[in-house]
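Peer 1: Sequences listed follow chains A and B, in order.
In this text, residue positions in the first sequence follow the numbering used here: the first is 1, and each later residue adds one.
In this text, residue positions in the second sequence follow the numbering used here: the first is 228, and each later residue adds one.
C-beta atoms are modelled at their ideal positions from N, C-alpha and C, and glycine is treated no differently.
Just so you know, these numbers come straight off a predicted model, no measurement behind them.
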Amino acid sequence: MALLTDASLRLLIAHPLSLLRQGLRLRVAEEQDIAVVGECGSPGKAIELARVTEPDVAVVGLGDDWRRWLDASSAIAAGGSKVLIVEEQQNASIGALAVKAGATGFISMNSSGLTTAVTAVRTVAGGEAWVPRSMVSPLLRALIEDGRDDDAATSRFSRLSSRERQVLALLVEGLDSPRIASRLFVSPHTARTHIQRIREKLEVHSRLEAVAFALDHRLIERFGQAV
Amino acid sequence: MALMAPAGPTREPYSPSGPQRDPQQFATITARSHHPGTPGAPSAPLVAVLGDVRLMCECVALILCADSIPAVLIDRNDSECLALRPEGVILILRVETSLDAALDFVERSWPGLSQLLLMTCSSPPARLRSRSVPVTRIEVQCPVDNLVSTVAAALEGRPGDWPPRDRQHYVAKRPQAWLTAREREVLEILASGSSIVAAATQLEVAPNTVRSHLASVRSKVGVSTTLEAVCLHRNTRLSRA
Chain A
1 MALLTDASLR LLIAHPLSLL RQGLRLRVAE EQDIAVVGEC GSPGKAIELA RVTEPDVAVV
61 GLGDDWRRWL DASSAIAAGG SKVLIVEEQQ NASIGALAVK AGATGFISMN SSGLTTAVTA
121 VRTVAGGEAW VPRSMVSPLL RALIEDGRDD DAATSRFSRL SSRERQVLAL LVEGLDSPRI
181 ASRLFVSPHT ARTHIQRIRE KLEVHSRLEA VAFALDHRLI ERFGQAV
Chain B
228 MALMAPAGPT REPYSPSGPQ RDPQQFATIT ARSHHPGTPG APSAPLVAVL GDVRLMCECV
288 ALILCADSIP AVLIDRNDSE CLALRPEGVI LILRVETSLD AALDFVERSW PGLSQLLLMT
348 CSSPPARLRS RSVPVTRIEV QCPVDNLVST VAAALEGRPG DWPPRDRQHY VAKRPQAWLT
408 AREREVLEIL ASGSSIVAAA TQLEVAPNTV RSHLASVRSK VGVSTTLEAV CLHRNTRLSR
468 A
């Protein structure tokens, strides 16, 4: 294995299966220019390791708790590392979520070999995307579908008044109505009325649902807190 | 260690009569220690690895080779590969794959096989028909050491780490031939998924006779339920004299 000091490509292996981690590690050991800087089997540990080791590329697996792995992926991607997902189920909607989480590459557990994996690591490290051909069109379709959903969400969001948008942003922060009221210098009654209107306009049945809706469609992130 | 894996097309779901591929298009892993200087596929690999979870297959073969267990990755469509005579086969399958079809294929391809290790990815253990070759299960989540020790144990004819070790030790201490022929027969039928009544009908005896056979099996093997006895049987072939 190349020494950590002179390796040009730093690799983090985060996957729930230790057999896969070890296999990949053994295969990568044959490559002079790639060094494994960390290895772990849980999403929480992956975030921590990525922060400490600052890898160029993180190979991330999606286990049964793929949501947590996707959260880890987006944290790792936000830290500046490229994320390469090992997908098992050929599930395009999870794939689309992974892309949104910042993944730039996919390898398939079923059809990719280790040599393909190494090529994929190099490719994403070089700033390009790597997607198995069989996955490209379902992935694009899923992303388009998601885009439509987002459009529908946007049109509902656009019904909100600017004050209601402010209230929604505070709801997403986790504030209850008395706190929202004091933050906006209004009475708790007024705050509750705003929240009721938000529920009506977003067509959801509870505050929690409203918050989930906003988060799912990244409404606050995309449109900011309109003042 | 040389690894030549093609950047191949998508693998089809497991079917013994799958499409024919280019004979050159298979991945071969030559073992470092046991087959020095053998170019290409080792002539007598201990273990053949095949299945439809390609990445896992390659990882497992590589891990075994690194641990001095000569393993070769096999393409089921390659006649040259199938001509190899491994002592054990590791089959790594996806959930959707028909276990029986895959196992039939292995039994057909290697009639004299001494060990079959089965790894199914992200699925609950499925029921298996009884087989002429002993089947050991490996969990896909198992740690590396566990894989290596289970494979090594299976190749030496010992039961591996599956099912749990203490039970295995208990069984391993006892001679295998001490079940009577009839007891083995009953166990065999139950292991294929039949009920006690069905077994009785098949053997042309009363259900209670079958029950009494099972009672003596349980006491001989040292387990408290028939299910345990059947599970043990399926994984270690108690009944093999």
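Report buried or exposed for residue 117 of chain A, applying the criterion of at least 16 other Cβ atoms within 10 angstroms of its Cβ.
Peer 2: The residue in question, residue 117 of chain A, is buried, as its Cβ has 16 or more Cβ neighbours within 10 Å.
Peer 1: Could you tell me whether the Cβ atoms of residue 288 of chain B and residue 280 of chain B are closer together than 8 Å?
Peer 2: For residue 288 of chain B and residue 280 of chain B, no; Cβs fall outside 8 Å.
Peer 1: What does a CB cutoff of less than 7 Å around residue 187 of chain A pick up in its chain, not counting 5 residues either side in sequence?
Peer 2: Within the same chain, residue 187 of chain A has close Cβ partners 181.
Peer 1: When the cut-off is 8 Å and only beta carbons count, does residue 368 of chain B lie next to chain A?
Peer 2: Chain A contact via Cβ: present.
Peer 1: For residue 132 of chain A, is the classification buried or exposed, using 16 other Cβ atoms within 10 angstroms of its Cβ as the cut-off for buried?
Peer 2: Buried.
Peer 1: Below 8 Å on C-beta distance, what does residue 11 of chain A contact in chain B?
Peer 2: Near residue 11 of chain A there are no residues of chain B at all, since even the closest Cβ is about 15 Å away, more than 8 Å.
Peer 1: Taking all protein chains shown into account, decide if residue 15 of chain A is buried (16 or more other Cβ within 10 angstroms of its Cβ) or exposed.
Peer 2: Looking at its Cβ environment, which holds 16 or more other Cβ atoms inside 10 Å, residue 15 of chain A is buried.
Peer 1: What is the DSSP secondary structure of residue 106 of chain A, counted as helix, strand or coil?
Peer 2: It is a strand residue.
Peer 1: Work out the CA separation of residue 331 of chain B and residue 216 of chain A for me, nearest whole Å.
Peer 2: Their Cα atoms are separated by approximately 47 Å.
Peer 1: By how many angstroms is the C-alpha of residue 201 of chain A removed from the C-alpha of residue 160 of chain A?
Peer 2: About 7 Å.
Peer 1: Do residue 283 of chain B and residue 11 of chain A have their C-beta atoms within less than 8 Å of each other?
Peer 2: Against a cut-off of 8 Å, the Cβ pair of residue 11 of chain A and residue 283 of chain B comes out as no contact.
Peer 1: What is the residue span of the alpha helix (DSSP H) that residue 10 of chain A lies within?
Peer 2: Segment 9-14 is the beta strand (DSSP E) holding residue 10 of chain A; no alpha helix (DSSP H) there.
Peer 1: List the endpoints of the continuous alpha helix (DSSP H) containing residue 22 of chain A.
Peer 2: It spans 18-28 - the alpha helix (DSSP H) in which residue 22 of chain A sits, taken as one unbroken run.
Peer 1: Under the DSSP definition of a beta bridge, which residues are partnered with residue 135 of chain A?
Peer 2: DSSP, once it has assigned bridges, lists no residue as partnering residue 135 of chain A.
Peer 1: From which residue to which residue does the beta strand (DSSP E) around residue 276 of chain B run?
Peer 2: Where residue 276 of chain B is concerned, the enclosing beta strand (DSSP E) stretches over 274-278.
Peer 1: Can you tell me which of the three DSSP states residue 66 of chain A falls into?
Peer 2: Note: residue 66 of chain A maps to helix in three-state DSSP.
Peer 1: Going along the chain, which residues of its own chain have a beta-carbon closer than 6 Å to the beta-carbon of residue 402 of chain B, five neighbours each way excluded?
Peer 2: Confidence at residue 402 of chain B is low in this model, with a pLDDT of 37, below 50, so the placement of that residue should be treated as unreliable; the coordinate-derived value is given next. For residue 402 of chain B, where only same-chain residues beyond five positions count, there are no Cβ hits under 6 Å.
Peer 1: Is residue 317 of chain B helix, strand or coil when you go by DSSP?
Peer 2: Looking at residue 317 of chain B - three-state DSSP - the assignment turns out to be strand.
Peer 1: Is any beta-carbon of chain B found at less than 8 Å from that of residue 28 of chain A?
Peer 2: Not an interface residue.
Peer 1: When Cβ atoms are compared, which residues of the stretch 270-296 of chain B fall closer than 9 Å to chain A?
Peer 2: The stretch 270-296 of chain B vs chain A, Cβ under 9 Å: 279, 280, 281, 282, 283, 284, 285, 286, 287, 288, 289, 290, 292, 293.
Peer 1: List, in chain order, every chain B residue whose beta-carbon is nearer than 9 Å to that of residue 137 of chain A.
Peer 2: What residue 137 of chain A touches in chain B: nothing, since even the nearest Cβ is about 13 Å away.
Peer 1: Mind checking residue 110 of chain A: buried by the 16 CB within 10 Å criterion, or exposed?
Peer 2: So residue 110 of chain A ends up on the buried side.
Peer 1: For residue 307 of chain B, name the three-state secondary structure that DSSP assigns.
Peer 2: Helix, per DSSP.
Peer 1: Just the Cα atoms here: how many angstroms apart are residue 121 of chain A and residue 70 of chain A?
Peer 2: Distance between the alpha carbons of residue 121 of chain A and residue 70 of chain A: 18 Å.
Peer 1: Name the one or two DSSP bridge partners that residue 130 of chain A has.
Peer 2: A:105, per the DSSP bridge assignment.
Peer 1: Name the chain A residues whose beta carbon is nearer than 8 Å to that of residue 371 of chain B?
Peer 2: Neighbours of residue 371 of chain B on chain A, chain order: 18, 19, 22.
Peer 1: Give me the chain A residues within the contact set of residue 321 of chain B, using Cβ-Cβ distance strictly less than 7 Å, ordered along the chain.
Peer 2: The contacting residues are 110.
Peer 1: My parser needs the beta strand (DSSP E) runs of 3 or more residues fully inside the stretch 184-225 of chain A; what are they?
Peer 2: For the stretch 184-225 of chain A, not a single whole beta strand (DSSP E) run of length 3 or above is found.
Peer 1: Do you know how far the Cα of residue 146 of chain A is from the Cα of residue 291 of chain B?
Peer 2: C-alpha separation (whole angstroms): 43 Å.
Peer 1: Helix, strand or coil, according to DSSP, for residue 347 of chain B in the structure here?
Peer 2: Reduced to three states, the DSSP call for residue 347 of chain B is strand.
Peer 1: Of all the options A:206, A:150, A:178, which has the alpha carbon lying nearest to the alpha carbon of residue 220 of chain A?
Peer 2: Among A:206, A:150, A:178, the Cα nearest to that of residue 220 of chain A is on A:150.
Peer 1: Given that a residue counts as buried once 16 or more other Cβ atoms are within 10 Å of its Cβ, and exposed if not, what is residue 83 of chain A?
Peer 2: Flag for residue 83 of chain A reads buried.
Peer 1: Between residue 129 of chain A and the ligand NAD, is the CB less than 7 Å from at least one heavy atom?
Peer 2: Within the structure as shown, the ligand NAD is missing, as the structure has no ligands at all.
Peer 1: Leaving out five residues on either side along the sequence, give the residues of the same chain with a beta carbon under 6 Å from the beta carbon of residue 8 of chain A.
Peer 2: Same-chain partners within the cutoff: 33.
Peer 1: If I'm right that residue 318 of chain B touches residue 329 of chain B with Cβ under 8 Å, what's the distance once you round it to whole angstroms?
Peer 2: Right, the Cβ-Cβ distance comes to about 6 Å (below 8 Å), so this counts as a contact.
Peer 1: In chain order, what residues of the same chain lie with their CB nearer than 6 Å to the CB of residue 40 of chain A, ignoring the 5 residues before and after it?
Peer 2: Taken in chain order, the residues that qualify are 14, 46, 49.
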